[in-house]
Amino acid sequence: MPSFSDTLVERLAAASSVAVLTGAGMSAESGIATFRDPGGLWDRFKPEELANVRAFLDNPTLVQAWYAHRQEIIRSTEPHAGHRALAKLERLVPRFRLITQNVDGLHQQAGNEAVTELHGNILRAYCVDCKAPAEESHLTPDRESDEPEPVRCAACGGLVRPDVVWFGEALPPGAVEKAEAAAAHCEVLLSVGTSAVVYPAAGIPVLAKAQGAYVAEINIEPSAIAGELDETVIGKAGEVLPELVEAVRNVGSH
Ligand code: BV8
Ligand code: ZN
């Protein structure tokens with residue numbers, strides 16, 4: 009018995025424009041820990057305490073090591089059936105945009121093309137001074153020295169940081185506009201695996217709802233915005249999404 013309504017299937021099958029917002033819960037079944045669920049990324053610290061400029065400047069070696077640790081985890085993961093279902097959905101719908109808060113690149117790896125990364129991508133790094141891109145591995149402090157120095161730019165000696173959006177930082181130019189345009193024109197929006205506490209991302213589903221889209225969330229528990237949406241599908245992204253997209257394909261074949 010699927011956990012989603014016939015209405016959701018029919019609206020998706022009939023839609024010429026669909027938007028999807030994803031959060032860390034979309035990557036959980038690929039083995040990447042979420043931020044706010046129990047067993048978080050690095051038990052001793054909260055993301056909010058590390059993912060900001062102040063923390064980075066106060067202790068660049070610690071923040072670089074945290075991101076290097078997360079890069080290592082992400083490099084060993086791959087997309088799951090839910091990611092692949094979203095890649096299939098993109099090919100079924102005339103106009104489709106995938107808006108993600110995730111920084112792991114798994115949607116692109118699964119084959120989605122119209123992807124907007126609201127919070128950057130952890131596998132890219134750059135110099136805070138001259139902005140020169142640093143190759144991926146460039147966040148790993150050298151383990152040899154017992155007093156590890158922060159990783160610095162080969163060109164100018166500036167500190168190297170991950171190419172992600174920290175709290176208090178503006179999102180990448182154009183990203184919010186693309187996401188808001190997709191929300192403004194879609195007939196259906198799916199919000200998958202996000203607790204919907206971080207803005208402006210959490211405002212995207214509500215924007216879609218305000219212009220008349222059918223908005224459903226897929227989560228293992230209701231998010232902070234569940235009450236403002238049309239439907240909450242309780243279940244895991246890796247299980248619900250393949251079932252949902254299969255049901256949408258079947259409507260087409262009747
Ligand atoms: C900005 C990148 C302005 C780094 C991240 C007070 C009120 C409202 C807003 C604010 C406020 N004070 C400050 C703000 C703004 C602030 C904000 O929203 N703060 C919140 C915490 C209150 N926002 C910002 O600072 C943003 N910038 O506003 O700038 C500005 C404008 C112009 C010029 C200058 C400045 C920047 C926000 C970006 C922060 N960066 N990450 C990194 O990755 O290290 S945020 C971080 O949280 C991740 O990106 C993550 O994606 C995001 C949201 O978390 P979720 O993805 O939802 O993940 P979470 O763990 O929370 O939840 C997981 C969900 O999955 C749960 O619901 C769970 O039930 C579900 N789940 C688990 N398993 C599964 C599942 N679902 C399905 N299947 C499963 N298997
Ligand atoms: Zn530099």
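Quick note on the numbering used here: the sequence shown kicks off at 9 and runs consecutively.
Where a beta carbon is used, it is the ideal one built from N, C-alpha and C, also for glycine.
Every value quoted in this text rests on a predicted model; they were computed, and no experiment measured them.
Taking a cut-off of 6 Å, which residues have a beta-carbon closer than that to any heavy atom of the ligand ZN, in chain order?
-> Cys135, Asp137, Cys138, Ala140, Cys161, Ala163, Cys164, Gly166
Based on Cα-Cα distance, which residue from Ala218, Ile233, Ala32, Arg92 lies nearest to Asp112?
-> Residue mapping note: residue 112 aligns to position 104 of the sequence shown, counting from 1. When each option's Cα is compared against that of Asp112, the closest is Ala32.
Kindly indicate the opening and closing residues of the beta strand (DSSP E) around Ile130.
-> For the purposes of this step, residue 130 is identified with residue 122 of the sequence shown, where counting begins at 1. Ile130 -> beta strand (DSSP E) spans 128-135.
C-alpha gap between Glu225 and Leu249, whole angstroms | Residue mapping note: residue 225 aligns to position 217 of the sequence shown, counting from 1. Residue mapping note: residue 249 aligns to position 241 of the sequence shown, counting from 1. Whole-angstrom Cα-Cα distance: 11 Å.
Cβ neighbour criterion (16 or more within 10 Å) applied to Ser24 = As a position in the sequence shown, residue 24 is number 16, starting the count at 1. Exposed.
Return the bridge partner residues of Phe104 from the DSSP annotation.
-> Here the question's residue 104 lines up with position 96 in the sequence shown. Val26, per the DSSP bridge assignment.
Nearest CA to the CA of Thr202: which residue from Arg62, Leu29, Pro10?
-> As a first step, residue 202 must be located in the sequence shown, where it is residue number 194. Of the listed residues, the one whose Cα sits closest to Thr202 is Leu29.
Where the alpha helix (DSSP H) through Ala190 begins and ends | Position 182 of the sequence shown, counted from the first residue, corresponds to residue 190. Counting along the chain, the alpha helix (DSSP H) containing Ala190 begins and ends at 183-193.
Where Tyr75 sits in the DSSP three-state scheme = Counting from 1 along the sequence shown, the entry for residue 75 is found at position 67. Three-state result, Tyr75: helix.
State the Cα-Cα distance for the pair Lys244 and Cys164, rounded to the nearest angstrom.
-> For the purposes of this step, residue 244 is taken as residue 236 along the sequence shown, with counting starting at 1. For the purposes of this step, residue 164 is taken as residue 156 along the sequence shown, with counting starting at 1. C-alpha separation (whole angstroms): 46 Å.
Pairwise C-alpha distance: Pro68 and Arg92 | For this step, residue 92 is matched to residue 84 along the sequence shown. For this step, residue 68 is matched to residue 60 along the sequence shown. The straight-line gap from Cα to Cα measures roughly 36 Å.
Just list the alpha helix (DSSP H) runs in the region 200-258, keeping only unbroken ones of 4 residues or longer that don't cross its boundaries, in chain order.
-> 211-218
Sorry if obvious, but does the Cβ on Asn227 come closer than 8 Å to a heavy atom of the ligand BV8?
-> The count along the sequence shown starts at 1 and reaches residue 227 at position 219. Asn227: yes, Cβ under 8 Å from the ligand BV8.
Beta-carbon gap between Val26 and Leu252 smaller than 9 Å | As a position in the sequence shown, residue 26 is number 18, starting the count at 1. As a position in the sequence shown, residue 252 is number 244, starting the count at 1. Going by C-beta atoms, Val26 is not nearer than 9 Å to Leu252.
With respect to 8 Å, is the separation between the Cβ of Lys54 and the closest non-hydrogen atom of the ligand BV8 below this value?
-> What you label residue 54 is simply residue 46 of the sequence shown in a count that begins at 1. No.
Any heavy atom of the ligand BV8 within a distance shorter than 8 Å of the CB on Gly113?
-> Residue mapping note: residue 113 aligns to position 105 of the sequence shown, counting from 1. No; taking the cut-off as 8 Å, the Cβ of Gly113 has no heavy atom of the ligand BV8 nearer than that.
Identity of the residues DSSP links to Glu125 by a beta bridge | The residue given as residue 125 occupies position 117 in the sequence shown. Thr108.
Using alpha carbons as the reference points, say which of Gly166, Ser84, Ala191 lies closest to Val223.
-> Residue 223 sits at position 215 when you count from the first residue of the sequence shown. Of the candidates Gly166, Ser84, Ala191, the one whose C-alpha sits nearest the C-alpha of Val223 is Ala191.
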